[in-house]
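Trainee: According to our numbering, the sequence shown is numbered sequentially starting from 61.
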Amino acid sequence: MENKQAAREVGRNVGGQLSMTSLAFWNAFWTTMRPYLTFVSGAAGLVGLAFDRGIGPVRAIGAFIPFFFSYGLGQALTDCFQTDTDAISSPYRPLVRGIVSRRQVLAVSLTGLLLGTVILGVLNPMILIFGIVAVLGLLTYTILKRTWWGGPPWNSWIVALLPIMGRLVDRGYHLQEIFRIRGSSLAFISAVLAVFFGYANFVVIGYFKDISADRSTGYRTFPVVFGWRANAIYSDLLAVAAAALTGATILSVGRLSVYGLLLYVFAIGLNVYAQNEIHRTRDEKKAHGPIAHVVRSFILYCGSIAVTLKPRWIVLMVVFYFAFEWTLKLRPEERQV
């Protein structure tokens with residue numbers, strides 16, 4: 061009886077986990093979400109929304125909110141299946157520390173993802189299909205992450221669904237228009253592929269910080285199997301693809317934006333610097349710097365596309381980007397990106 065009372069007083073269940081009704085639980089869940097990475101899905105969603113012509117600000121904001129939080133909820137969901145490697149590489153995480161349970165995190169993350177899918181489905185029922193497919197993809201991601209060939213493309217197609225879902229927020233847009241290879245359709249295809257390859261680079265370069273943990277727990281990621289240099293070259297190829305496809309998108313739009321070009325040039329500069337730095341080191345503890353720059357370049361690539369299509373969004377993108385930097389600075393562990 062005394063143990064139960066003591067547990068309640070600190071907001072914990074008798075089993076040791078925080079109670080879901082406590083503020084401490086939601087703080088721990090927020091940490092699990094990696095809020096600095098919610099800007100990744102937010103940026104990808106903005107790409108799709110920027111192509112929309114027939115939506116107002118209320119509809120756009122209503123769609124952006126679930127896009128923004130989807131990445132964090134997805135991170136929490138996949139963490140439930142990766143506590144073995146996280147226990148070595150990320151011991152600070154609440155799931156690893158045991159202060160939240162897998163059942164709790166699964167319940168909250170799945171509820172959040174499905175709620176976001178329903179909100180987007182209200183805007184356009186067609187999005188429901190993509191939302192459900194994305195959630196199923198997240199649930200099966202860890203299986204593919206254990207292979208050297210599966211992790212990056214599997215994770216990336218899920219993120220690449222976000223601009224497609226964003227485009228469908230405009231009910232006047234029909235999915236079959238994607239296959240009309242001309243004009244705006246060509247630009248949109250290039251944008252989706254830019255998101256795919258840009259995010260794939262984040263996945264591949266992100267492996268560098270976890271090589272030892274992945275090796276010891278049986279995750280046969282690309283650098284575990286082929287080594288540091290091979291993974292760096294793999295990352296280089298993905299970076300070139302992301303930069304080229306973003307440039308192709310900007311040119312395919314049919315009009316140039318000074319702001320969009322500036323964001324694009326800045327993104328390339330950060331990406332080149334990151335690729336150079338990851339070749340110069342063999343220390344996992346120093347990989348977080350280049351990884352953070354790849355995340356920055358991904359957000360700016362997406363921003364350059366969005367601002368080219370919607371020049372008035374430049375203020376939004378500036379605020380969005382600096383909010384990302386502020387949130388990134390507050391992360392609990394510097395080496396984790």
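Note that beta-carbon positions come from the ideal geometry of N, C-alpha and C, so glycine has one too.
Identify every run of the alpha helix (DSSP H) within the stretch 248–316, keeping only runs that are complete inside it and at least 4 residues long; order them along the chain.
Mentor: 271–276, 282–286, 288–312
Trainee: I'd like the span of the alpha helix (DSSP H) that includes TYR324, first residue to last.
Mentor: Within the sequence shown, numbered from 1, the residue matching residue 324 stands at position 264. Residues 318–340.
Trainee: Comparing C-alpha positions only, which one of LEU369, ARG391, LEU376, ARG340 sits nearest to ALA352?
Mentor: The residue labelled residue 352 in the question sits at position 292 within the sequence shown. Selected option, being the one with the closest Cα: ARG391.
Trainee: Suppose you measure from the CA of ILE249 to the CA of GLN77; what does that come to, to the nearest Å?
Mentor: In the sequence shown, residue 249 corresponds to position 189, counting from 1. In the sequence shown, residue 77 corresponds to position 17, counting from 1. When the Cα atoms are used, ILE249 and GLN77 turn out to be separated by approximately 45 Å.
Trainee: Could you spell out where the alpha helix (DSSP H) holding ILE192 opens and where it closes?
Mentor: Position 132 of the sequence shown, counted from the first residue, corresponds to residue 192. Per DSSP, ILE192 belongs to the alpha helix (DSSP H) from 186–199.
Trainee: Measuring only the C-alpha atoms, how far is TYR381 from LEU360?
Mentor: For the purposes of this step, residue 381 is taken as the residue at position 321 of the sequence shown. For the purposes of this step, residue 360 is taken as the residue at position 300 of the sequence shown. Pairing TYR381 with LEU360, the inter-Cα distance amounts to about 8 Å.
Trainee: Run through the stretch 207–247 for me and flag every whole alpha helix (DSSP H) of 4 or more residues, listed as ranges in chain order.
Mentor: Taken in chain order, the complete alpha helix (DSSP H) segments of 4 residues or longer contained in the stretch 207–247 are 211–227.
Trainee: Rounded to the nearest angstrom, what separates TRP288 and ARG153 at their Cα positions?
Mentor: Counting from 1 along the sequence shown, the entry for residue 288 is found at position 228. Counting from 1 along the sequence shown, the entry for residue 153 is found at position 93. One C-alpha to the other measures close to 26 Å.
Trainee: Distance, Cα to Cα, VAL332 vs LEU369?
Mentor: In the sequence shown, counting from the first residue as 1, residue 332 sits at position 272. In the sequence shown, counting from the first residue as 1, residue 369 sits at position 309. Distance between the alpha carbons of VAL332 and LEU369 is about 25 Å.
Trainee: I want to know whether the stretch 156–174 touches the stretch 134–147 - three or more CB-CB distances under 8 Å.
Mentor: yes
Trainee: Using alpha carbons as the reference points, say which of ILE125, ASP139, GLY172 lies closest to LYS205.
Mentor: For the purposes of this step, residue 205 is taken as residue 145 along the sequence shown, with counting starting at 1. For the residues ILE125, ASP139, GLY172, the minimum Cα distance to LYS205 belongs to ASP139.
Trainee: Beta-carbon within less than 7 Å of TYR294's beta-carbon, same chain only, minus the 5 sequence neighbours each way: which residues are those?
Mentor: As a working note, residue 294 is residue 234 in the sequence shown. Setting aside the 5 residues that flank it on each side, TYR294 is surrounded in the same chain by VAL264, PHE282, each with a C-beta closer than 7 Å to its C-beta; the list follows chain order.
Trainee: Would VAL156 pass as a contact of ALA167 if the rule is Cβ separation under 7 Å?
Mentor: Numbered from 1 along the sequence shown, position 96 holds the residue referred to as residue 156. Numbered from 1 along the sequence shown, position 107 holds the residue referred to as residue 167. Taking 7 Å as the Cβ cut-off, VAL156 and ALA167 do not qualify as a contacting pair.
Trainee: CB-CB under 6 Å to ALA299, same chain, minus the five flanking residues each way: which ones, in chain order?
Mentor: Residue 299 sits at position 239 when you count from the first residue of the sequence shown. Leaving aside the five residues that flank ALA299 on each side, the residues in its chain whose CB is nearer than 6 Å to its CB run, in chain order, ASN261, ASN331, GLN335.
Trainee: Just to check my reading of the structure: ILE179 and LEU198 have Cβ atoms closer than 8 Å, yes? What is that Cβ distance to the nearest angstrom?
Mentor: Position 119 of the sequence shown holds residue 179. Position 138 of the sequence shown holds residue 198. Not a contact, Cβ separation roughly 18 Å.
Trainee: Going by DSSP, what residue range makes up the alpha helix (DSSP H) through PRO126?
Mentor: The sequence position of residue 126 within the sequence shown is 66, counting from 1. Its alpha helix (DSSP H) spans residues 117–139.
Trainee: Does the beta-carbon of ASP270 have 16 or more other beta-carbons within 10 angstroms, so that it is buried, or is it exposed?
Mentor: As a first step, residue 270 is located in the sequence shown; it is residue number 210 there, counting from the start. ASP270 comes out buried.
Trainee: Under a three-way DSSP split, which group does ALA347 fall into?
Mentor: Indexing the sequence shown from 1 puts residue 347 at position 287. Reduced to three states, the DSSP call for ALA347 is coil.
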